[in-house]
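Novice: Following this note's numbering, the numbering of the sequence shown begins with 9 at its first residue and continues without gaps. Even for Gly, the Cβ is constructed at its ideal location relative to N, Cα and C. All figures in this text were calculated on a predicted structure; none of them were measured in a lab.
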Amino acid sequence: RGWKFCSIAVNGLSGGHTGQDATKERGNAIVLLHRILLGMEKQMEFQVVALWGGAGMSSAFAREAHCTVAVPPENMEFLVDLAEESEKIFRKELHKKDPRVRVKCVPNIPGAMKGLNDGAYRKLSRLLTLLPDGVASRNFEFDGAMESCANVGVLELHKDELLVTILIRSTSAARKYYLYDKVVALCDLLGIFHSVTRDIPHWERRADGALVEKLGAVYPDRPLGIAQGTLECGIFGEKNPKLSIVALGAPYYSPHSPGEWFSMSETKVFWEGLLRFLRTKRAERREQLGLFDGTGDGEPDGAEGE
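Structure (structure tokens):
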């Protein structure tokens, strides 16, 4: 057909944890790249021959997304201009939330006509346009906390299939499955195969007030908050509905990104506080069992020398 090939990349984004960082509303490279493709749809013919986004982990915001497209030669200049204009728009939208976003367009690269046919691309475009992405509902009991969210985290074009992975988080089972029902309904309408990779138990707040108060005394500078945690706490809570569960740990920063880090000094403070809390709990338990012998000030079993 005599078409030319061009690569388009969205990068420079911060990424982050789709639960902890959800309300920061950072950029999603997959969504931003799709917005560029939507702009192309309105102006020209093209074919997507290569496509990927995210780093294979749907629990993190996609920091990068790339595609290679084939376009008629007369549209190449317009495509370069569209990429430049898209970067200006994205940087304006995200100047407080993700200021390092970049769009790079490299025209006239080698390529081969393969990849998505028109029908497959139309399905993908409608799917990405309508999939839930970002905060769906907020938790107003805790300032700045979200209740449910979704993240379009992975986009991979293979030889015989196109894979889109979305992660749904919620502290409420009803909210989680409502978002899931939306995804299922959309896929069914478009004739797209869908499956659940993991349905990890949600974690609704269920903590004894006395336990929270004691931990608050140990960590007075750490206000009580809510996390869209899953896995261990969700599994334990599901198996034993009477459990009182509080998750605690040393703070860490820029989670689910290459720049993730934590402070040794903050971790030391947390660890020492945890030891104090466990000493108190052991002493209380020994009293309850009539075993109190004044040893409650010792280190918890297995903690000596740590």
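Look at leucine 286 and leucine 163 and say whether their C-beta atoms are less than 8 Å apart.
Specialist: No, the Cβ-Cβ distance between leucine 286 and leucine 163 is not below 8 Å.
Novice: Does DSSP put glycine 304 in a helix, in a strand, or in coil?
Specialist: Because the pLDDT of glycine 304 is 47, which lies under 50, any placement of that residue in the model is unreliable, and the question is left without a value.
Novice: Alpha carbons only, please: which of Val88, Arg34, Leu41 and Gly127 is nearest the one belonging to phenylalanine 69?
Specialist: That would be Arg34, whose Cα lies nearest to the Cα of phenylalanine 69.
Novice: Taking DSSP as the reference, what is the three-state secondary structure of asparagine 116?
Specialist: Looking at asparagine 116 - three-state DSSP - the assignment turns out to be strand.
Novice: State buried or exposed for threonine 205, treating a residue as buried only when at least 16 other CB atoms are found within 10 Å of its CB.
Specialist: Under this definition threonine 205 is an exposed residue.
Novice: Let's see if you can read the secondary structure: which residues bound the beta strand (DSSP E) around methionine 65?
Specialist: Note, methionine 65: premise wrong, no beta strand (DSSP E); not H, not E.
Novice: Going by C-alpha to C-alpha distance, which of Glu95, Asp207 and Thr179 sits closest to arginine 316?
Specialist: Nothing about residue 316 can be read from this structure; the chain reaches only from 9 to 314.
Novice: Near phenylalanine 54, what residues of its chain come up, given a Cβ to Cβ distance below 7 Å and the 5 sequence neighbours on each side ignored?
Specialist: Around phenylalanine 54: Met48, Val77, Ala78 and Val79.
Novice: Closest by CA to lysine 276, which one among Glu292, Glu268, Pro259 and Ala291?
Specialist: With distances taken between Cα atoms, lysine 276 lies closest to Pro259.
Novice: Restricting to Cα atoms, I'd like to know which of Lys112, Leu138, Arg214 and Ser273 is closest to alanine 255.
Specialist: Nearest of Lys112, Leu138, Arg214 and Ser273 to alanine 255, Cα basis: Arg214.
Novice: Whole angstroms are fine: how far does the CA of alanine 218 sit from the CA of glutamate 280?
Specialist: Those two C-alpha atoms are separated by around 21 Å.
Novice: Where does threonine 173 sit, in a helix, a strand or coil, going by DSSP?
Specialist: Correct three-state label for threonine 173: strand.
Novice: If distances are taken between C-alpha atoms only, which option among Gln51, Asp168, Arg177 and Gly20 comes closest to leucine 40?
Specialist: Comparing Cα positions, the closest option is Gly20.
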